[in-house]
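> The structure under discussion is supplied below as structure tokens; questions concerning it will follow.
There are 4 protein chains.
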Amino acid sequence: MKPSIVFIGLGSMGRAMARRLVEAGHPLQVYNRTRRRAEELAAAGVAVLDHPSDLLAAGGDSIVVFTMLADDAAVEQVTFGEHGFAARLPPGSVHVSCSTISVELSRRLAEAHTRAGQGFLAAPVLGRPEAASAGKLFILAAGEPAVLERCQPLLAVLGQRTFPLGAEPPLANTAKLACNFLIAAMIENLAEAIALTAKSGLAPHAFVDLLTASIFDAPAYKTYGKLIADDSFAPAGFKLPLGLKDLRLVLRAADDSLVTMPTASLVHEHMVAAMAQGQQDLDWSSLARIVARNSGLPRGAGKP
Amino acid sequence: MKPSIVFIGLGSMGRAMARRLVEAGHPLQVYNRTRRRAEELAAAGVAVLDHPSDLLAAGGDSIVVFTMLADDAAVEQVTFGEHGFAARLPPGSVHVSCSTISVELSRRLAEAHTRAGQGFLAAPVLGRPEAASAGKLFILAAGEPAVLERCQPLLAVLGQRTFPLGAEPPLANTAKLACNFLIAAMIENLAEAIALTAKSGLAPHAFVDLLTASIFDAPAYKTYGKLIADDSFAPAGFKLPLGLKDLRLVLRAADDSLVTMPTASLVHEHMVAAMAQGQQDLDWSSLARIVARNSGLPRGAGKP
Amino acid sequence: MKPSIVFIGLGSMGRAMARRLVEAGHPLQVYNRTRRRAEELAAAGVAVLDHPSDLLAAGGDSIVVFTMLADDAAVEQVTFGEHGFAARLPPGSVHVSCSTISVELSRRLAEAHTRAGQGFLAAPVLGRPEAASAGKLFILAAGEPAVLERCQPLLAVLGQRTFPLGAEPPLANTAKLACNFLIAAMIENLAEAIALTAKSGLAPHAFVDLLTASIFDAPAYKTYGKLIADDSFAPAGFKLPLGLKDLRLVLRAADDSLVTMPTASLVHEHMVAAMAQGQQDLDWSSLARIVARNSGLPRGAGKP
Amino acid sequence: MKPSIVFIGLGSMGRAMARRLVEAGHPLQVYNRTRRRAEELAAAGVAVLDHPSDLLAAGGDSIVVFTMLADDAAVEQVTFGEHGFAARLPPGSVHVSCSTISVELSRRLAEAHTRAGQGFLAAPVLGRPEAASAGKLFILAAGEPAVLERCQPLLAVLGQRTFPLGAEPPLANTAKLACNFLIAAMIENLAEAIALTAKSGLAPHAFVDLLTASIFDAPAYKTYGKLIADDSFAPAGFKLPLGLKDLRLVLRAADDSLVTMPTASLVHEHMVAAMAQGQQDLDWSSLARIVARNSGLPRGAGKP
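Chains as they are written, first to last, in the numbering used here: chain A, 1 to 304; chain B, 1 to 304; chain C, 1 to 304; chain D, 1 to 304.
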């Protein structure tokens, strides 16, 4: 029998993921702070909740609750807040946390759910909304093996591959933060390399084409190389404030573990500078404008 | 008729490239500071020179001289030094410079050869010795279009693709430095990300596998991710002092153009620290040990 | 009539300050988590409290409560915790917060006390315990002018000068954090300069003597220059974990205000590295050992 | 008998120093590239040379040649160039090099003069033109003890104190570079601290006054704190390109010795950014504008 599923958080990622589950035949209860977005999803078998705490177990059965939210505060609110679901979740149920949250919150979630006899799986994902719609996400999963095994059929609906990272949920969150750091650092690196070659007289697109046709033919280099060469950061695929939030989480995780990450500090610095320039509605790769401007390329490296 | 070719510099890269040219049927004159290495190449149609200046044009014909050497000083020596070839090169000949040299030397070479009625093509390459042996290099080429056109059949023997970067030779050298910077920066990024995840309890190989099977499936991430996870940097594929030399050239090019490259400074700093720890015989990716040690992982992130 | 004073927090700084107030003839109630330290202070007119909430107003009069504690958590605990004093403080009383705390906590304290009809003065201090004993502290004070005016006679007992920084309490905390940043950055600078000159062959003491007898004859340069040249960091004047805490507060304040402080990030990085090396019992200036070691001076720049 | 003195380089520093020597009764031969400036100095006992090589020894006596020039190239030119003085300097003469030059040039000068039987004293100075006029410079001196002893009466005319730094001339140049680094780093630190406090709402002058009346009452903090608070960088006391030159020498000396100086890299980066913004005619402390702008304070921290 298909488990009863609750999906909380219907931003562009959450909506695509929830839709996959519906399409795979799972009855779904959904919650979103802005109710209208939840109602757009309404379809056969989808119930819209007024509050996370309104979840209904069919016949006392256990439930799988997915959360896919913007930040720690939102996850805490829906889980432990006034109308949070944790207090109403039947024992044996599982919370699958897909958001990019702090290592520290992951630890607290794991402890609280364990105390309540509930399962907890940290399952942050790699991929953009298009990948989510196509079920092509990569899923970083950590939690009790039995819990992971039970959730794997659902994860298989959402992603092309699940990477099991052990029994400690925070490990998946650390790995996810490390991945986001690597993307942000790559953006910084590209911005610096393009500033150097552009100011020397090489067209940014020529340089990016050469790079991505030779040593760096990964999609991430192509995507961000083009954005920087185009100097075109709107509409944002991933907004600067979200990227800055992630870098803050990276730095906090590093600090808590006494790990030095000077590149993370540098990327954070450039993101802060970009925010201070009013770039909060642009893509996070618009930090390239800070690098360009510091080199006297005022309109971005792409237009010297 | 095949042009007469001189190949100067028979390190691991130069030897593989020279052999490709021989195998393609080009008669070759070769020079190497350590003559023994040149003699190992001896075969039908290969003449070993005592000095770069000993090159012989068949019937006053023009010549193509390739140089593939370790640094600026070596290129200057064989070109303009006491027994340098430039003074003996017939007009209409071409110097194809494949070494990773400074932008500034490239400019001086271009000027000197032009003054002497000789052609100059900057043609630094991307790829390791195995790629050179297989003719799979990527070649960044800049120089007069007519010169490039004339050399392209030879470049096609050496590389899988030539990227034409315009008429100004220094542009190819700038692009090459920018590429090496991006590899070095990627190493630094990986080192930091692995330090964070390793100290948090995730096995380095698990993290590298996840990365390179998902968002960063480029060969460079696989190669260096494995080296760092293995904490194994000998024998060196590319020695630390050579990497440090390249970063110095990057920083000098940036400084000359008033471009800011804080990540390049950071990577340079870690390479200097690695040299100060006596890692001069290790691979340049051994800078990861500096990152690991600063985070209290004394034997490298790979063995916490 | 002298106001009734409560002094909370009797570390080395707090004890020296409390003693000054006693000696100036002020009746004092004191509280310290470790009660023994409070009892050592017992003298005519000093009452030891079991809890911060035990404070007694003489005849309903208003009270001045000084807090001088290690961090945000301690200040929150004594103020708002289970046995916190805030709930028992008569209207018209004043909380004078001398600790180095976050800008954000200062803001919350100001709001809470104002709501309760109580005054709040942020009054962090510059100076070491010896300066406190001698009444030679510098006091950075911000709060309502009337509150500052009322407290100034007490501040005059503790410090040689009060710098009024306006009506908004968080300003004094920001200024204090900026001062601590400047001291930490100076330590980093000295460490780098001494590493350069020491490795070149100049005795560290000769360099420090020259510096402090010429362009930098400020006491801070003398004190820390000597510690680094001696490579002697125990017993600690100011322990590394406290310094690290301050840098974290600096970085958080900068982040909240979208200010970039790359040097603060760098100093923080070196402090983290020092913690990861097990230097938690040494003086914060022992970050110089990280700088020295990265330059291949394993026992500190002082002993090359 | 007073030795015959040649003074080469009559910029604002050199002129003040030469005048001190004239006033002390020393007959002087002077040379300056722009002859007019030399003629302004003309007075009883001052001879203006057409070329450095025109120096005349009175009766074959030995000579003391002071050089006070802008950079390595200028010092090399007057010493070893076409009309350089070295070839004409009688044995037993001494070259006193007061310029801020590279460690490496200092080494070559020492070797060349020693080979020629001439003495060499590295004697860079700390202080601005006003200090030079008043004979209040600090002089960092390194060279053979006998040479130093012989020059000391002249140095005593120029400075308030000579710091003897040993027999190896490059040590004095290293120490001088380390001092200039410390001043530049202090400027960076002040810029960051002022950006933080200014953006938080504290008037820059209030913060600088507090700093320099308490923990940092050194003249350097006062001078540069005021410039930054005023956001007023012209006319320049020390122009940005000269500061940038010094930072380049610092980084080169550090690199040659395998010493890591991340703060020096950072200051260099901000100076490059300032140059790229067209600040080449402003004081070097105008790097504060880069810090301010990165924090969204467009007209400098002083005017938020």
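No residue lacks a Cβ here, since even glycine has one placed at the ideal position from N, Cα and C. Keep in mind that this is a model prediction, so the values were computed, not measured.
Check whether the Cβ atoms of P170 (chain D) and A16 (chain D) lie closer than 8 Å to each other.
Their beta carbons are not under 8 Å apart, which means P170 (chain D) does not touch A16 (chain D) by this criterion.
> Count the other CB atoms within 10 Å of the CB of L56 (chain A); is the residue buried (16 or more) or exposed (fewer)?
Exposed is the call here.
> Tell me T260 (chain B)'s beta-bridge partners as DSSP assigns them.
None; T260 (chain B) has no bridge partner.
> By DSSP's criteria, K239 (chain B) is part of a beta bridge. Which residues make up the other side?
B:D283, per the DSSP bridge assignment.
> Of all the CB atoms in chain A, is at least one closer than 8 Å to the CB of S102 (chain B)?
So no, S102 (chain B) is outside the interface.
> By the 9 Å beta-carbon criterion, what residues does the segment 205–239 of chain B contribute toward chain A?
Going along the segment 205–239 of chain B in chain order, one finds A206, F207, D209, L210, L211, A213, S214, I215, F216, D217, A218, P219, A220 and Y221 with a Cβ nearer than 9 Å to chain A.
> Would you kindly work out how many angstroms separate the C-alpha atoms of V30 (chain B) and A122 (chain B), rounded to a whole number?
If you take the alpha carbons of V30 (chain B) and A122 (chain B), they lie about 19 Å apart.
> For the alpha helix (DSSP H) containing H205 (chain A), list its first residue and its last residue.
Here the alpha helix (DSSP H) through H205 (chain A) covers P204 to T212.
> Count the other CB atoms within 10 Å of the CB of G14 (chain A); is the residue buried (16 or more) or exposed (fewer)?
Per the 10 Å Cβ criterion, buried.
> Identify every run of the beta strand (DSSP E) within the segment 139–222 of chain D, keeping only runs that are complete inside it and at least 3 residues long; order them along the chain.
As far as the segment 139–222 of chain D is concerned, its whole beta strand (DSSP E) runs of at least 3 residues are 159–164.
> Name, please, each residue of chain D whose Cβ falls closer than 7 Å to the Cβ of L249 (chain B).
Near L249 (chain B) there are no residues of chain D at all, since even the closest Cβ is about 12 Å away, more than 7 Å.
> Based on the DSSP secondary-structure assignment, which residues constitute the bridge partners of I5 (chain C)?
In DSSP, I5 (chain C) forms a bridge with C:L28 and C:V64.
> Give me, in chain order, the residues of the same chain whose beta-carbon lies closer than 7 Å to that of E168 (chain B); leave out the 5 immediate sequence neighbours on both sides.
A142, listed in sequence order.
> Does any CB atom of chain D fall closer than 8 Å to the CB of G312 (chain A)?
Only positions 1 to 304 of chain A appear in the structure, and residue 312 (chain A) is not among them; the question remains open.
> Here's the rule I'm using: 16 or more other beta-carbon atoms within 10 Å means buried, otherwise exposed. How should D231 (chain B) be labelled?
Burial call: buried.
> Should P304 (chain A) be labelled buried (16 or more other beta-carbon atoms within 10 Å of its own) or exposed?
Note on P304 (chain A): pLDDT 39, under 50, position unreliable in the model; no value is reported.
> Kindly say whether P90 (chain C), judged by its beta-carbon, lies nearer than 8 Å to any beta-carbon of chain D.
It does not: the Cβ of P90 (chain C) has no partner Cβ on chain D nearer than 8 Å.
> What are the residues in the segment 171–192 of chain B lying within 8 Å of chain A by C-beta distance?
So the list reads L171, T174, A175, L177, A178, C179, F181, L182, I183, A185, M186, E188, N189, L190 and E192, given in the order they occur along the chain.
> For chain A, find out if any of its Cβ atoms is closer than 8 Å to the Cβ of P262 (chain C); answer yes or no.
Taking Cβ atoms only, chain A reaches closer than 8 Å to P262 (chain C), which makes this a yes.
> Between the beta-carbon of S327 (chain C) and the beta-carbon of V125 (chain C), is there less than 8 Å?
Outside the displayed range of chain C (1 to 304) lies residue 327 (chain C), so it cannot be described from this structure.
> When we look at the beta-carbon of P52 (chain B) and count the other beta-carbons within 10 Å, is it buried (16 or more) or exposed?
Label assigned to P52 (chain B): buried.
> In terms of alpha-carbon separation, which member of A:A175, A:T174, A:A185 and A:A254 lies closest to Y224 (chain A)?
When only C-alpha atoms are compared, the closest one is A:A185.
> With 8 Å as the limit, tell me which residues of the segment 146–170 of chain C have their beta carbon closer than that to any beta carbon of chain D; keep them in chain order.
Answer in chain order: R161, F163, L165, G166, E168 and P170.
> Please check the pair V250 (chain D) and F181 (chain D), which I expect to be a contact at CB under 8 Å, by giving their CB distance rounded to whole angstroms.
So it is a contact: roughly 5 Å between Cβ atoms.
> At the level of alpha carbons, what is the spacing between P145 (chain C) and L10 (chain C)?
Each residue's alpha carbon lies about 28 Å from the other.
> Using a Cβ cut-off of 8 Å (strictly closer), state whether K199 (chain A) contacts chain B.
Chain B, which has a Cβ nearer than 8 Å to the Cβ of K199 (chain A), makes this yes.
> Buried or exposed for E149 (chain B), please, with buried defined as at least 16 other CB atoms from any protein chain shown within 10 angstroms of its CB.
Under this definition E149 (chain B) is an exposed residue.
> Helix, strand or coil for L49 (chain A), going by three-state DSSP, please let me know.
The answer is coil: DSSP assigns L49 (chain A) none of H, G, I, E or B.
> May I have the straight-line CA-CA distance separating G302 (chain B) from G296 (chain B), to the nearest angstrom?
Confidence is the limiting factor: at G302 (chain B) the pLDDT is only 46, short of 50, which leaves the residue's position unreliable and the question unanswerable from this model.
> When you compare the CB positions of V46 (chain A) and R35 (chain A), do they come within less than 8 Å of one another, or not?
Cβ atoms of V46 (chain A) and R35 (chain A): not closer than 8 Å.
> When the cut-off is 8 Å and only beta carbons count, does A273 (chain B) lie next to chain C?
At least one chain C Cβ lies under 8 Å of A273 (chain B).
> Could you spell out where the beta strand (DSSP E) holding A122 (chain D) opens and where it closes?
G119 to A122 is the span of the beta strand (DSSP E), which, as asked, contains A122 (chain D).
> What is the DSSP secondary structure of H83 (chain D), counted as helix, strand or coil?
Residue state, collapsed to three classes: coil.
> Starting from Q277 (chain A), find everything on chain D with Cβ-Cβ shorter than 8 Å and list it in chain order.
G296, listed in chain order.
> Which residues mark the beginning and the end of the beta strand (DSSP E) in which S93 (chain B) is found?
No beta strand (DSSP E) holds S93 (chain B); DSSP gives it neither H nor E.
> Going by C-alpha to C-alpha distance, which of C:A112, C:I101, C:S102 and C:E104 sits closest to V94 (chain C)?
The shortest Cα separation from V94 (chain C) among C:A112, C:I101, C:S102 and C:E104 belongs to C:A112.
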